[in-house]
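I have placed the structure first, in the form of structure tokens, so that the comments after it can refer back to it.
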Amino acid sequence: MSTKILLVDDEKDIVEFLTYNLELEGFKVITAYNGIEALQKISELTATRDEKLDLIILDVLMPKMNGYETCERIKQIEEFKNIPVIFLTAKSSETDEIHGLNIGANDFIQKPISTKKLIARIKANLRKNDSVPSGSYSNVITIGPLYIDKEKFIAKVDGEKIFLPKKEFEILVYFASNPGKVFSRDKILSDIWGNDIFVVERTIDVHVRKIREKLGKYSDLIETIKGVGYRFKIME
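Just so you know, we're using my numbering here: the sequence shown kicks off at 774 and counts up by one.
Put into structure tokens, the structure is as follows:
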């Protein structure tokens, strides 16, 4: 079955150009020209049940509903919350990128778009999508108040489900699978994002902060090792 990509951009020329090049690579492309239309396409896919989506490409600046809001809405849909999202953006500030990462984006491509770079990033994200870092642990991890079902992408604290975008979930699994082990930021970047995608070290700190917020009163389960990185506390 062909890899299916949802491409969303309000510029028709860009959509046609990228669709042509992506189809040359063997991808099946579904197109939309704004966030509302994208959500309608996703609703149609959900209704058919036998259809799946492998990756979403979202322009940031769009009429009716921008890319950030569209991403947030998509991540609230159970069947689509773990699908990789790549943003296309003319913005270049760190604040914009951090905001995108906070709402669940996996990658950013600057406009004007290099098709070779975009295709490389797509393939890298698809490789990572099914590869939550694996160690010697089962699908279910239970540590103190924390319950994680790795296969179902479920995390609970004191029995209450918490929402974690894909990268936050992967990081939490990564830490909880190795309690007491210290991980440098470089190691986390390499194991979670791989070497195909450029991500700054501050990205790790942003994700850890968001995970801690969701752990609530148990935020200290993730300890900061000054000048080194992070570790998951060993429960006594």
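Don't be surprised by glycine CBs; every beta carbon is placed ideally from N, CA and C.
- Here the C-alpha atom of LYS983 lies approximately 14 Å from the C-alpha atom of GLU996.
- Rounded to the nearest whole angstrom, the C-alpha separation of PRO938 and ILE944 is 10 Å.
- Around the CB of ILE965, 16 or more other CB atoms lie within 10 Å, so the residue is classed as buried.
- LYS929 and GLU941 have their C-alpha atoms spaced approximately 14 Å apart.
- Membership of PHE881 in the beta strand (DSSP E) is indicated by the continuous run 880–883.
- When DSSP reads this structure, LYS801 sits in a beta bridge with LYS777.
- In the structure shown, ILE809 adopts helical secondary structure according to DSSP, grouped into three states.
- In the structure shown, LYS934 adopts extended strand secondary structure according to DSSP, grouped into three states.
- VAL946 carries a helical assignment under DSSP once its states are collapsed to helix, strand and coil.
- Contact between the segment 816–835 and the segment 776–786 is present: three or more C-beta pairs spanning the two stretches fall below 8 Å.
- GLY873 counts as buried, since at least 16 other C-beta atoms from the protein chains shown sit within 10 angstroms of its C-beta.
- The alpha-carbon separation between ILE998 and ALA893 amounts to approximately 34 Å.
- Here VAL858 is buried: its Cβ has 16 or more other Cβ atoms, across all protein chains shown, within 10 Å.
- For GLY1002, DSSP records a beta bridge to SER957, ILE998.
- According to the DSSP assignment, ASP832 belongs to the beta strand (DSSP E) that extends over 828–832.
- Residue state for LYS890 is assigned as helix, using DSSP reduced to three classes.
- Nearest Cα to PHE956 within the set SER963, ALA949, TYR1003: TYR1003.
- 8 Å or more divides the Cβ of LEU818 from the Cβ of ARG846.
- Inter-residue distance for LEU828 and THR976 is about 21 Å (C-alpha atoms, whole angstroms).
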